[in-house]
Amino acid sequence: MKRSFNFSAGPSNLPTSVLEQAQAELLDYKGTGSSIMELSHRGPEYIEIDAQAQARIRSLYGVGDEFEVMFLQGGASLQFMMVPYNFGFGRTMTYLNTGEWARKAQKEAKLFGTVHEGFSSESINYIRVPKNGEFSVAPGSAYLHFTSNNTIFGTRYAAEPDAGAVPLVCDASSDFLSRPLDMARYGLIYAGAQKNAGPAGVTIVLVRKDFLATARTEGMSTMLAYKTHVGTMFNTPNTFGVYLVNLVAGWVEAQGGLTGIQALNERKAGKLYAEIDRDGFYTGTAETDSRSRMNVTFRLPSEDLEKRFVKEAEALDLDGLKGHRSVGGIRASIYNAMPEAGVDALTAFMAEFRRKNG
Ligand SMILES: Cc1ncc(COP(=O)(O)O)c(C=O)c1O
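Under this note's numbering, the letters of the sequence shown match residues 348 to 705, in that order.
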């Protein structure tokens, strides 16, 4: 059996131990004689999994019952619409435009209320996120929306943007469960699971109860109202997906929780950036202060060399390194489950490639 080091932006690696456990339990979940996929979502086995996944996510982020945890469908993209539909209807919302996903989220919000763009790095091809003091918050904003990690451009906020008393709403799709957060600042956090937390098809949403109390209640489509989903399973969730999210959350606990995984992520990213910065052969595309620890984006001296880099890396089972078309170059996505050995193999390959072509 072959397991490549998969550097793609998502879906991406899952921890091998998680896949092995899923494989072992696939046909007969805990002596039931059925796969978890075949069991009712109202049965005791799935209810236990769902509750454990919620509890693990709360505990990893160090919060209690003040946050509701939901496992929804429709991807992070549906959250672009659900957030303003629930919280911004007829109101003013502040958005920080730091990448393609941030821009898409902002576009949806305009359907429901007044969007104040508090910052944009679009004109500089999104090479950085704002520092505190570099963005504005519209008075009376229902929330400030930001994208904690910009998957395509390889940037991230080192710390939460300071919006004063305005609650933060965060698209954390590409760095969910990768580092601790200052949870008191958040009204809502959402993430498609397929990068750091599980397979595609589950969207994890954490919402603070007092923020949820500000949601619109009248005239709401049932499925699109968060209130429909909190504390209950309104319809059939992606049971197998949530089962995997639960295993991944357990794996993160075993890595020392979010501080443990953060230390590992800093080390992995540090090794790659050190290789990029060694001389002028590789050039990082993001500004240093904004560099992502999840998606490391860089260029080579020519497009021709970039093509060869990707091809030769693949021959060594270092897969998925081609950058997004809007940035070009190389993108190494090194989510939680990318083993440090994968980063070591990539940096060794980068050094050798430079030696041969530099
Ligand atoms: C930061 C971010 N937000 C949103 C999305 C869209 O997620 P989905 O495909 O789950 O709708 C992505 C996908 O890559 C992403 O990286």
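Glycine included, each C-beta is placed from N, C-alpha and C at the ideal position.
So the candidates are G705, N444, E659 and S673; which of them puts its Cα closest to the Cα of A692?
As a first step, residue 692 is located in the sequence shown; it is residue number 345 there, counting from the start. It is E659.
Return the residue from the list T441, N543, G667 and I394 that minimises the CA-CA distance to P486.
Residue numbering aside, residue 486 sits at position 139 when the sequence shown is read from its first letter. Put simply, of T441, N543, G667 and I394 the residue whose alpha carbon is nearest the alpha carbon of P486 is T441.
Report the option in N593, A679, M429 and T644 whose CA atom is closest to the CA atom of T569.
Residue mapping note: residue 569 aligns to position 222 of the sequence shown, counting from 1. The option with the nearest alpha carbon to T569 is M429.
Cβ-based burial, Q401 [other Cβ within 10 Å; buried from 16]:
The residue given as residue 401 occupies position 54 in the sequence shown. Here Q401 is buried: its Cβ has 16 or more other Cβ atoms, across all protein chains shown, within 10 Å.
Suppose you measure from the CA of G390 to the CA of I396; what does that come to, to the nearest Å?
Sequence index remark: in the sequence shown, residue 390 carries index 43 (1-based). Sequence index remark: in the sequence shown, residue 396 carries index 49 (1-based). Cα to Cα, the separation comes out at about 10 Å.
Within the segment 632–680, note down every full beta strand (DSSP E) run reaching 3 residues or more, in order along the chain.
The qualifying runs are 642–646 and 677–680.
Contacts around H606, its chain only, beta-carbon distance under 7 Å, and the 5 residues preceding and following it disregarded
The count along the sequence shown starts at 1 and reaches residue 606 at position 259. Per the sequence shown, the amino acid found at residue 606 is Thr instead of His. Cβ within range, chain order: P527.
Classify A512: buried if its beta carbon has 16 or more other beta carbons within 10 angstroms, exposed otherwise.
Along the sequence shown, one-based indexing puts residue 512 at 165. Exposed, by the Cβ-count rule.
Are there three or more Cβ pairs, one per stretch, closer than 8 Å when the segment 550–561 is compared with the segment 523–539?
The answer is yes - the segment 523–539 touches the segment 550–561, with three or more Cβ pairs under 8 Å.
Is A356 near ligand 1, going by C-beta to nearest heavy atom under 7 Å?
Sequence index remark: in the sequence shown, residue 356 carries index 9 (1-based). If you check the C-beta of A356 against ligand 1, you find a heavy atom less than 7 Å away.
Out of R475, M384 and L366, which one is the CA nearest neighbour of L374?
Sequence index remark: in the sequence shown, residue 374 carries index 27 (1-based). Ranking R475, M384 and L366 by Cα distance to L374 puts M384 first.
Would N433 and A547 be called neighbours here (beta carbons separated by less than 8 Å)?
What you label residue 433 is simply residue 86 of the sequence shown in a count that begins at 1. What you label residue 547 is simply residue 200 of the sequence shown in a count that begins at 1. No, Cβ-Cβ distance for N433 and A547 is not below 8 Å.
Cut-off 6 Å between Cβ atoms - residues of its own chain near S521, not counting five sequence neighbours on either side
On the sequence shown, position 174 is the one that residue 521 refers to. The beta carbon of S521 lies closer than 6 Å to those of N496, T498, K542 and M641 in the same chain, with the five residues before and after it left out.
What residue range does the alpha helix (DSSP H) around D624 cover?
Locating residue 624 in the sequence shown gives position 277, where the first residue counts as 1. G604 to D624 is the extent of the alpha helix (DSSP H) around D624.
Is any non-hydrogen atom of ligand 1 found closer than 7 Å to the C-beta of A679, if you look at the structure I gave you?
Position 332 of the sequence shown holds residue 679. No - ligand 1 has no heavy atom lying nearer than 7 Å to the Cβ of A679.
Own chain, CB closer than 7 Å to R405, minus 5 neighbours either side, in chain order
Reading the sequence shown from its first residue, position 58 is the one you call residue 405. Shown here for R405: same chain residues with a beta carbon closer than 7 Å to its own, the five before and five after excluded, namely G411, F414 and V416 in chain order.
Bridge-paired residues (DSSP) for V554
Position 207 of the sequence shown, counting from 1, holds the residue named residue 554. Per the DSSP secondary-structure output, V554 pairs in a beta bridge with E415 and L535.
Reference L559, options A489, L407, N704 and Y393, closest by Cα:
To locate residue 559, count along the sequence shown from 1; it is residue 212. L559 has its Cα closest to that of A489, out of A489, L407, N704 and Y393.
Given a cut-off of 8 Å on the beta-carbon distance, is the pair V674 and L619 in contact?
Residue numbering aside, residue 674 sits at position 327 when the sequence shown is read from its first letter. Residue numbering aside, residue 619 sits at position 272 when the sequence shown is read from its first letter. Against a cut-off of 8 Å, the Cβ pair of L619 and V674 comes out as no contact.
Do the CB positions of Y682 and S359 come within less than 8 Å of each other?
Position 335 of the sequence shown holds residue 682. Position 12 of the sequence shown holds residue 359. It is a contact, given that the beta carbons lie within the stated cut-off.
Is it a yes or a no for the segment 442–452 touching the segment 461–473, going by three-plus beta-carbon pairs under 8 Å?
With a cut-off of 8 Å, the segment 461–473 and the segment 442–452 count as touching, because enough Cβ pairs lie within range.
DSSP state of N479, grouped into three classes?
As a working mapping, residue 479 is identified with position 132 in the sequence shown. Collapsing the DSSP output to three states places N479 in coil.
Please determine, among T635, R475, E661 and V516, the residue with the shortest C-alpha to C-alpha distance to F493.
For the purposes of this step, residue 493 is taken as the residue at position 146 of the sequence shown. Minimum Cα distance to F493 is reached at V516.
Let me know the secondary structure DSSP gives M440 once reduced to three states.
On the sequence shown, position 93 is the one that residue 440 refers to. Of the three classes helix, strand and coil, the one that applies to M440 here is strand, per DSSP.
Can you give me the C-alpha to C-alpha distance between K654 and T561, rounded to a whole angstrom?
Working through the sequence shown from its first residue, we reach residue 654 at position 307. Working through the sequence shown from its first residue, we reach residue 561 at position 214. Each residue's Cα considered, the two are about 50 Å apart.
Cβ-heavy atom distance between G539 and ligand 3 below 7 Å?
As for ligand 3, it is missing from this structure, which binds only ligand 1.
Do the segment 470–486 and the segment 610–629 meet, that is, are 3 or more Cβ pairs less than 8 Å apart?
Taking a cut-off of 8 Å for Cβ pairs, the segment 470–486 and the segment 610–629 do not touch, as fewer than three such pairs fall below it.
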